[in-house]
Amino acid sequence: MRECQIVSRKFHIENACTLRVAKEHGAYNSLVKLKEYDPQHITQIIKESMLRGKGGGGAPAGMKWELMPLDDKKPNFLVVNCDESEPGTFKDRQIISKDPHLLIEGIILTCYAIKAKAAYIYIRGEYKEYQEILQNAIDEAYSAGLLKECDITIHRGAGAYICGEKSALLESMEGKRGHPRLKPKQKEPEWFFGNATLVNNVETIATVPFIVKNGADAYRAYGTEKSPGTLLFAMSGHINRPGVYEAEFGTNMLEYINHYGGGIKNGKKLKALIPGGVSCGVLTAKECEGLTLDYEALRSAGSSLGTGGMIVMDEDTNMLEALKNILEFYHEESCGQCTPCREGSGWSDKIVGRILEGNGTKEDLDKLFELADIMNGKTICVFAPSISTVLVSFISKFRDEFEAVVS
Amino acid sequence: MSFKFTEDNLLEIERLKKRYPAPQALCLPSLWMAQYQEGYISLEAIDAISQVTTIPAMEIYRVATFYTMFHLEKSDKIEVDVCKTLSCKLCGSDEILKHLESKSDIKINHVECLGSCGTAPVMQINDKNYENLTNTKVDAILKEL
Ligand SMILES: Cc1cc2nc3c(=O)[nH]c(=O)nc-3n(C[C@H](O)[C@H](O)[C@H](O)COP(=O)(O)O)c2cc1C
Ligand code: SF4
Ligand code: FES
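Quick mapping for you: the protein sequence lines, in order, are chains A and B.
Going from the first sequence to the working numbering is simple: count from 1 and add 346.
Going from the second sequence to the working numbering is simple: count from 1 and add 5.
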């Protein structure tokens, strides 16, 4: 397995979170390119690199950058998404606590490319410890005169999963409840108080310095043709060495788990795996065989790559309990705007709870499929469709276990 | 009872106002300041935040209740947030919760994923994460507080 260190290069260097050590290891070197390239050129390099957003959706970053108007009529903004609330995901915190200057460097480059004079980092409220490390790094960057062209302000969330959705995040920053906005029909930027705004994930922005410095081809030398580059994949659950390890797209999933994760805990067998945060469909151990870690492979396996945060479950896992656990999460975190989601998240949680207690019937299983259908494609954001995916994948793949407990 | 932001917080509010295109953006930052200042968010604090942000007080209240980390009531007990989401559950959070429930002087909140799934099970007290928990570790942590 090829070692990849595009984003994680300084993770194991002691005190790399300080400007002095980071600079000793090449931090801010890419900024020399700003003298050579105009903003459009930087966007062009990002586009050619085919960098895909690392917050879960995998949208091509360059195409989003191109939507930003560069006519100076109104200010543009950059918002870095550090809400990281998708269960199973803990990669962005590695960047902001181990190599915050890499993120700041990426922000400077991105702001130049989209002509933004201000950037905000929206960070989940639970990350106060890491927020402080990041703030120290920002203060250092200010003192060193690195932030003359753009301001960076950390904006702290306060415990709402849905604020990770980009439009909900902007509503939240505007001082409102974190309710996702209706999607526009045509492609356009996001809007912050009516000003064009780019929202990208922490890891996406932290990848920008490598690409600007080494060129698009250097990035595309990793990964597959359609999913180029690397990702900070992560593992948690029943695994010997859980953690975050960077790997290139197209890496064999089980090899990754065995190589970095040291295999399943207590010598047990793999039963199921959720590939990229709980919102992705569950996979059986059999389905994982030969599967590679890239957007296309996981899509054709009927799941999705999501954030790359894999949750590993061993042979003793009770799939009903696991499903109930995920549904509780959704039930609690639905923002409540759409009826199918508000009601569907509650009812599916309740019904699976009933089945788990031994009071379920066969009709309950049908009802769950019905609810999954109602929640799919009829809501403002993809939160509710994710519940459908989870319900359908768990029940259809582990049907025996569900049927064994219903009467 | 009335509420006044401290001098430091007022300075911070003025600094932040220059950072955003509209004062409404100061809603979450000032809710945080008020909560750290008083330990919770009082109705008087909401009035003060309304002045800072130009958002109606009723709306601030609506916003504050949307976010689980804002407390609108005073609590004398130590708040212990224990993650109960999937990775933590797979790694034994149920046992940690059961162990904690036997303690009297703390308030346990069952919270969703804290972003420490790789070091599960996890709890958070006063903004600090405690990871790879065992019952013995929990006892030691609570004793330290
Ligand atoms: C329910 C929901 C939750 C999300 N949570 C996050 C999150 O915590 N962090 C993140 O970067 N993106 C999250 N996203 C994706 C964002 O909406 C957005 O696409 C992303 O931040 C864009 O950045 P990227 O293209 O660099 O990935 C979420 C999306 C949805 C629908
Ligand atoms: S689908 Fe759910 S989370 Fe998304 S906007 Fe509708 S109610 Fe809110
Ligand atoms: S599941 Fe507990 S920290 Fe993520």
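By construction, the Cβ of each residue, glycine as well, lies at the ideal position given by its N, Cα and C atoms.
Predicted, not measured: the structure shown is a model, and the values here were computed from it.
Got a sec? Which residues, its chain only, sit under 7 Å from Gly682 of chain A by beta carbon, not counting five neighbours each side? Arg688
Note down, one range per segment and in chain order, each alpha helix (DSSP H) of at least 4 residues found wholly within the stretch 429-476 of chain A. 438-444 and 446-459
So, for Ala39 of chain B: in the same chain, excluding its five sequence neighbours on each side, which residues have a beta-carbon less than 6 Å away from its beta-carbon? Ile46 and Ala50
Show which residues of chain B have a CB atom less than 8 Å away from the CB atom of Val554 of chain A. Correct list: empty, because the minimum Cβ distance to chain B is about 23 Å.
Give the straight-line distance between the Cα atoms of Pro446 of chain A and Leu377 of chain A, rounded to the nearest whole angstrom. 16 Å
Find out if the Cβ-Cβ distance for the pair Ile442 of chain A, Leu397 of chain A is shorter than 8 Å. no
Step through the CB atoms of chain A and report whether any lies within less than 8 Å of the CB of Met74 of chain B. yes
Taking 8 Å as the CB-CB cut-off, is Gly710 of chain A touching chain B? In the sequence on display, residue 710 of chain A carries Asp and not Gly. Not closer than 8 Å to any Cβ of chain B, the Cβ of Asp710 of chain A fails to qualify, so no.
Beta-carbon proximity of Gly434 of chain A to Leu95 of chain B, cut-off 8 Å: no
Quick one: does the C-beta of Val554 of chain A sit closer than 7 Å to a heavy atom of ligand 3? no
Return no unless some Cβ of chain A is closer than 8 Å to the Cβ of Lys142 of chain B. no
Can you look up Val548 of chain A in the DSSP assignment and give me helix, strand or coil? helix
What does the alpha-carbon distance come out to for the pair Ala362 of chain A and Asp719 of chain A? 49 Å
Give me the residue from A:Gly524, A:Phe595, A:Ala504 and A:Phe423 with the minimum Cα distance to Ala337 of chain A. Limits of chain A in this structure are 347 at one end and 753 at the other, which puts residue 337 of chain A out of reach.
Take Thr630 of chain A and list the residues in its own chain whose beta-carbon comes closer than 7 Å to its own, dropping the five residues that flank it on each side. Ala618 and Lys743
Under 8 Å by Cβ, that's how I've got Met74 of chain B and Gly471 of chain A pegged, so tell me the actual separation to the nearest angstrom. 5 Å
With H, G and I counted as helix, E and B as strand and the rest as coil, what does DSSP make of Phe357 of chain A? coil
On the criterion of 16 or more Cβ atoms from any shown chain inside 10 Å, does Asp86 of chain B qualify as buried, or is it exposed? buried
Beta carbon of Lys400 of chain A: closer than 7 Å to some heavy atom of ligand 1? yes
I'd like to confirm something about Val658 of chain A: is its beta-carbon nearer than 7 Å to some heavy atom of ligand 3, or not? no
Between Tyr641 of chain A and the rest of its own chain, which residues show a CB-CB distance below 8 Å, the 5 nearest in sequence each way excluded? Arg398, Gly404, Lys572, Ser573, Phe595, Ser650 and Leu651
Given that Thr499 of chain A touches chain B, what residues does it touch there, using C-beta distances under 8 Å? Leu21, Arg24 and Tyr25
Under 8 Å, do His801 of chain A and Leu36 of chain B count as touching if we go by C-beta distance? Past the boundaries of the shown model lies residue 801 of chain A; chain A is included only from 347 to 753, so the question cannot be answered.
Just to confirm, are Glu432 of chain A and Gly623 of chain A a CB contact at a threshold of 8 Å? yes
Please check if any C-beta of chain A sits within less than 8 Å of the C-beta of Gly97 of chain B. no
I need the boundaries of the beta strand (DSSP E) containing Arg24 of chain B, first residue and last residue. Looking at the DSSP string, Arg24 of chain B is not in any beta strand (DSSP E), and its letter there is neither H nor E.
Below 9 Å between beta carbons is the criterion; list the residues of the stretch 625-659 of chain A that meet it against any residue of chain B, in chain order. Gly655, Ile657, Val658 and Met659
7 Å Cβ shell around Ala643 of chain A - same chain, five flanking residues per side excluded: Leu637
Please return the same chain residues whose Cβ sits closer than 8 Å to the Cβ of His371 of chain A, not counting the five positions on each side in sequence. Arg355, Lys356, Ile359 and Ala362
Indicate whether at least one CB of chain A lies closer than 8 Å to the CB of Thr153 of chain B. Residue 153 of chain B lies beyond the stretch modelled for chain B, which goes from 6 to 150, so this question has no answer here.
Just the Cα atoms here: how many angstroms apart are Asp81 of chain B and Ile111 of chain B? 9 Å
Bridge partners for Thr499 of chain A per DSSP, in chain order? A:Tyr466
Residue nearest to Ser625 of chain A in terms of C-alpha spacing, selected from A:Val736, A:Ala552 and A:Lys632: A:Val736
Please tell me whether Val590 of chain A has its Cβ less than 8 Å away from any Cβ of chain B. yes
Got a sec: is the Cβ-Cβ distance from Val85 of chain B to anything in chain A below 8 Å? no
From the DSSP output, in three-state form, read off Thr685 of chain A for me. helix
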